[in-house]
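K.L.:
Residue numbers (the UniProt record's numbering): 1 to 612.
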């Protein structure tokens, strides 16, 4: 933005008046006098921040005044602070850069708690800047006071309460460094209002003071060689790929490791796109709603090579029965994750990109020195048989209503290959993970660890702000959509033309599925009324928020409405896909059971016979 120049009053000359000559600009790096708020904005500019998602309020208001004059930082005025947090996460996941959100004290800051917890669970680099009551009022229960540092301590990688304006540049620089290095995560910077208002000196770059913070990126060579020995000797190995591979930008290295070894690959919910779905070595997604072949491969493996994964309960099922015959190579940048849930036979701490690169060379050297190599053909025969016997699929509703899986599958088929997808949480999330094909990293963004309903729309907004030339679709459920759809107004006003597919089954679908399977079809408090009463009417709601509203209720309408949505690029688009209410997500490993008890629509069956 640029500030308007003043015009001369009537009768005044437009020529400049003589006066003192302007002082020369200080040399680069020399201190200049500014307010704390100006120091904050200058620091954001210097650290490379491109966009801030936020809402002004009393204590953060001093920061918004110099932000108006910034030509480097775009501010996007969201409709709810939760939307700001999820948008910052979507931006970070789509770009690999640090996402930034801003809020005032008290309720503004506490509304960021859910997105910060979400970013923490999924290792997303986010910096949240919050206003705080003035220093003399801290601890007095002043208006809109909340101890946001104390509140967020368990759900942030680190947080700061800045009590001296001179420390603002260092706090911002350290926050961005902490958020983006090592295991990425959210960092909060809380600044009292009077600190933003006081005069201070600004210079850049500041000296970072982070004693003890030295993330290990280079793996230990001995551990890599030990892992290579296990890989070369394994008869039933599996590459268990987590979201850390995407964070490390290690997809090319992973492809080389997989192709050079011939080992099957599974990609977790957070790692979809880290390895191409079309690759013949890819078995799909493991876990509670993973493919049978991926779940079976892990369960029957004799070696799991875990890369940037954390042995989450959604993947392992009942931990005591998970992969009972497998040795474990566990590579992760966070040493706290190694052996946390499953003991690692070979732990490797470091950056996945460097680890995988060294593993490629070490495995090649090990195989060259070995007297004979292990033939993986029998292992692949078992896995290919499972892939052929249990492909992903779905049945059409018996009542003739639209299949939700079909609608999502067609979106995936008709959109360009670089399309980016976000999702809320529930059945639609699992179907989007199952039936859209992901060939590239950073094309699938969802709330994995925290499972946050309402994530899809603001995350899509943030992603589109970060990669404006890419088509961005939010796959959402009618329950999730009603939590954060106010950000469609933000998108319409700010010129962020996302496309939203609302899978409208009239109820809280995943909860209803559990009630069907485990609660005797007692559907307590899951009917949303979006079918029965069409409240709200999503098509009209979209139009009221400045978007294009479309609807599809039959198979014949699906392709045409998707094509129509893709032709509209001057505003956001919402498609109300009215689908059957009783579609279920299969396969399924019920909570508390082992992966060998994977459920298909026709019941429970073991993956392998006991004598295999």
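A virtual CB, placed ideally from N, CA and C, is assigned to each residue, including glycine.
Quick caveat, the model's predicted, so the values are computed rather than measured.
Taking the Cβ atom as the reference point for each residue, do residue 283 and residue 231 lie within a distance shorter than 8 Å?
P.N.:
As a first step, residue 283 is located in the chain shown; it is residue number 283 there, counting from the start. As a first step, residue 231 is located in the chain shown; it is residue number 231 there, counting from the start. Not a contact, by the Cβ cut-off of 8 Å.
K.L.:
Could you give the DSSP three-state label for residue 453: helix, strand or coil?
P.N.:
As a first step, residue 453 must be located in the chain shown, where it is residue number 453. Three-state DSSP puts residue 453 in coil, outside helix and strand.
K.L.:
So what's residue 74 in DSSP terms, helix, strand or just coil?
P.N.:
Residue mapping note: residue 74 aligns to position 74 of the chain shown, counting from 1. DSSP places residue 74 in strand when its eight states are reduced to three.
K.L.:
Measure the beta-carbon distance from residue 444 to residue 273 and round it to whole angstroms, keeping in mind my assumption that it falls under 8 Å.
P.N.:
In the chain shown, residue 444 corresponds to position 444, counting from 1. In the chain shown, residue 273 corresponds to position 273, counting from 1. Correct: roughly 5 Å between the Cβ atoms.
K.L.:
Do residue 501 and residue 435 have their C-beta atoms closer together than 8 Å?
P.N.:
Working through the chain shown from its first residue, we reach residue 501 at position 501. Working through the chain shown from its first residue, we reach residue 435 at position 435. No. Outside cutoff.
K.L.:
Please classify residue 519: is it buried, with 16 or more other beta-carbons within 10 angstroms of its beta-carbon, or exposed?
P.N.:
As a position in the chain shown, residue 519 is number 519, starting the count at 1. Under this definition residue 519 is an exposed residue.
K.L.:
For chain C, check one thing: does any of its Cβ atoms lie closer than 8 Å to the Cβ of residue 43?
P.N.:
In summary, chain C is missing from the structure at hand, where a single protein chain is found.
K.L.:
Could you tell me the alpha carbon to alpha carbon distance between residue 222 and residue 347, rounded to whole angstroms?
P.N.:
Locating residue 222 in the chain shown gives position 222, where the first residue counts as 1. Locating residue 347 in the chain shown gives position 347, where the first residue counts as 1. Going from the Cα of residue 222 to the Cα of residue 347 covers about 11 Å.
K.L.:
In the DSSP assignment, what residue or residues form a beta bridge with residue 101?
P.N.:
Here residue 101 refers to the residue found at position 101 of the chain shown. According to DSSP, which records beta bridges pairwise, residue 101 is partnered with 53, 128.
K.L.:
Rounded to whole angstroms, what is the Cα-Cα separation between residue 115 and residue 82?
P.N.:
Sequence index remark: in the chain shown, residue 115 carries index 115 (1-based). Sequence index remark: in the chain shown, residue 82 carries index 82 (1-based). About 6 Å.
K.L.:
Give the secondary structure of residue 359 by DSSP, where H, G and I count as helix, E and B as strand, and everything else as coil.
P.N.:
By 1-based counting over the chain shown, the position of residue 359 is 359. It is helical.
K.L.:
Going straight from the alpha carbon of residue 333 to that of residue 183, what length do you get?
P.N.:
Residue mapping note: residue 333 aligns to position 333 of the chain shown, counting from 1. Residue mapping note: residue 183 aligns to position 183 of the chain shown, counting from 1. Roughly 6 Å separates the two Cα atoms.
K.L.:
Measure the C-alpha to C-alpha separation of residue 458 and residue 566 and round it to an integer number of angstroms.
P.N.:
Counting from one through the chain shown, the residue named residue 458 turns up at place 458. Counting from one through the chain shown, the residue named residue 566 turns up at place 566. Their Cα atoms are separated by approximately 19 Å.
K.L.:
Taking DSSP's pairing of strands, which residues face residue 30 in a bridge?
P.N.:
As a working mapping, residue 30 is identified with position 30 in the chain shown. Partner(s): none; residue 30 has no beta bridge.
K.L.:
Specify the secondary structure class of residue 246 as computed by DSSP and reduced to three states.
P.N.:
Sequence index remark: in the chain shown, residue 246 carries index 246 (1-based). If DSSP states are grouped into helix, strand and coil, residue 246 belongs with the helices.
K.L.:
Classify residue 202 as buried or exposed, calling it buried when 16 or more other Cβ atoms lie within 10 Å of its own Cβ.
P.N.:
Stepping through the chain shown from its first residue, residue 202 is reached at position 202. With 16 or more Cβ atoms within 10 Å of its Cβ, residue 202 is classed as buried.
K.L.:
Going by other Cβ atoms of all chains shown within 10 Å of its Cβ, with 16 needed for buried, is residue 72 buried or exposed?
P.N.:
The residue labelled residue 72 in the question sits at position 72 within the chain shown. With fewer than 16 other Cβ atoms within 10 Å, it is exposed.
K.L.:
Entirely within the UniProt domain "Thiamine pyrophosphate enzyme central" (224-359) and at least 3 residues each: give me those beta strand (DSSP E) ranges in chain order.
P.N.:
If we require 3 residues or more, the beta strand (DSSP E) runs fully inside the UniProt domain "Thiamine pyrophosphate enzyme central" (224-359) come out as 237-241, 265-267, 282-284, 303-307, 327-332, 346-349.
K.L.:
Hey, out of 523, 342, 574, 472, whose CA is closest to residue 503's CA?
P.N.:
The residue given as residue 503 occupies position 503 in the chain shown. The shortest Cα separation from residue 503 among 523, 342, 574, 472 belongs to 574.
K.L.:
For the beta strand (DSSP E) containing residue 95, list its first residue and its last residue.
P.N.:
Indexing the chain shown from 1 puts residue 95 at position 95. Here residue 95 belongs to no beta strand (DSSP E); instead the alpha helix (DSSP H) covers 81-95.
K.L.:
In the DSSP output, what is residue 143 paired with across the bridge?
P.N.:
On the chain shown, position 143 is the one that residue 143 refers to. Beta-bridge pairing links residue 143 to no other residue.
K.L.:
Helix, strand or coil for residue 518? Go by DSSP, reduced to three states.
P.N.:
Position 518 of the chain shown, counted from the first residue, corresponds to residue 518. It is helical.
K.L.:
On the DSSP bridge list, what partners appear for residue 160?
P.N.:
Within the chain shown, the letter at position 160 stands for residue 160. Residue 160 is bridged to 189.
K.L.:
Who are the near neighbours of residue 53 in its chain, counting only those whose CB is closer than 6 Å to its CB and skipping five residues on each side?
P.N.:
Indexing the chain shown from 1 puts residue 53 at position 53. 76, 78, 84, 87, 88, 101.
K.L.:
Report buried or exposed for residue 308, applying the criterion of at least 16 other Cβ atoms within 10 angstroms of its Cβ.
P.N.:
Along the chain shown, one-based indexing puts residue 308 at 308. Burial call: buried.
K.L.:
Does the beta-carbon of residue 42 have 16 or more other beta-carbons within 10 angstroms, so that it is buried, or is it exposed?
P.N.:
For the purposes of this step, residue 42 is taken as the residue at position 42 of the chain shown. Buried is the call here.
K.L.:
Starting from residue 446, trace the beta strand (DSSP E) in both directions and tell me its first and last residue.
P.N.:
As a working mapping, residue 446 is identified with position 446 in the chain shown. Where residue 446 is concerned, the enclosing beta strand (DSSP E) stretches over 444-446.
K.L.:
Three Cβ pairs or more, each shorter than 8 Å: is that satisfied between the stretch 445-464 and the stretch 398-418?
P.N.:
With a cut-off of 8 Å, the stretch 398-418 and the stretch 445-464 do not count as touching, because too few Cβ pairs lie within range.
K.L.:
Return yes when the Cβ of residue 478 is within less than 8 Å of the Cβ of residue 541, no when it is not.
P.N.:
Looking up residue 541 in the chain shown gives position 541. Looking up residue 478 in the chain shown gives position 478. No; because the gap between Cβ atoms is not below 8 Å, this pair is not in contact.
K.L.:
Is the closest heavy atom of the ligand MG to the C-beta of residue 99 under 7 Å?
P.N.:
As presented, the structure is devoid of all ligands, the ligand MG included, so that no description of it is given.
K.L.:
Does the distance from the CB of residue 425 to the CB of residue 451 come in under 8 Å?
P.N.:
Residue mapping note: residue 425 aligns to position 425 of the chain shown, counting from 1. Residue mapping note: residue 451 aligns to position 451 of the chain shown, counting from 1. Going by C-beta atoms, residue 425 is nearer than 8 Å to residue 451.
K.L.:
Return the first residue and the last residue of the alpha helix (DSSP H) that residue 43 is part of.
P.N.:
The residue you call residue 43 lines up with position 43 of the chain shown. 36-46 is the extent of the alpha helix (DSSP H) around residue 43.
K.L.:
May I ask you to report which of helix, strand or coil DSSP gives residue 586?
P.N.:
Looking up residue 586 in the chain shown gives position 586. Residue 586 falls in the coil class under three-state DSSP.
K.L.:
Kindly indicate which three-state DSSP category residue 551 falls into: helix, strand or coil?
P.N.:
Along the chain shown, read from residue 1 onward, the residue named residue 551 stands at position 551. Strand, per DSSP.
K.L.:
Can you name the start and end residues of the alpha helix (DSSP H) that residue 377 belongs to?
P.N.:
Against the chain shown, residue 377 aligns to sequence position 377. Where residue 377 is concerned, the enclosing alpha helix (DSSP H) stretches over 377-389.
K.L.:
Measure the C-alpha to C-alpha separation of residue 350 and residue 155 and round it to an integer number of angstroms.
P.N.:
Here residue 350 is taken as the residue at index 350 of the chain shown, counted from 1. Here residue 155 is taken as the residue at index 155 of the chain shown, counted from 1. About 23 Å.
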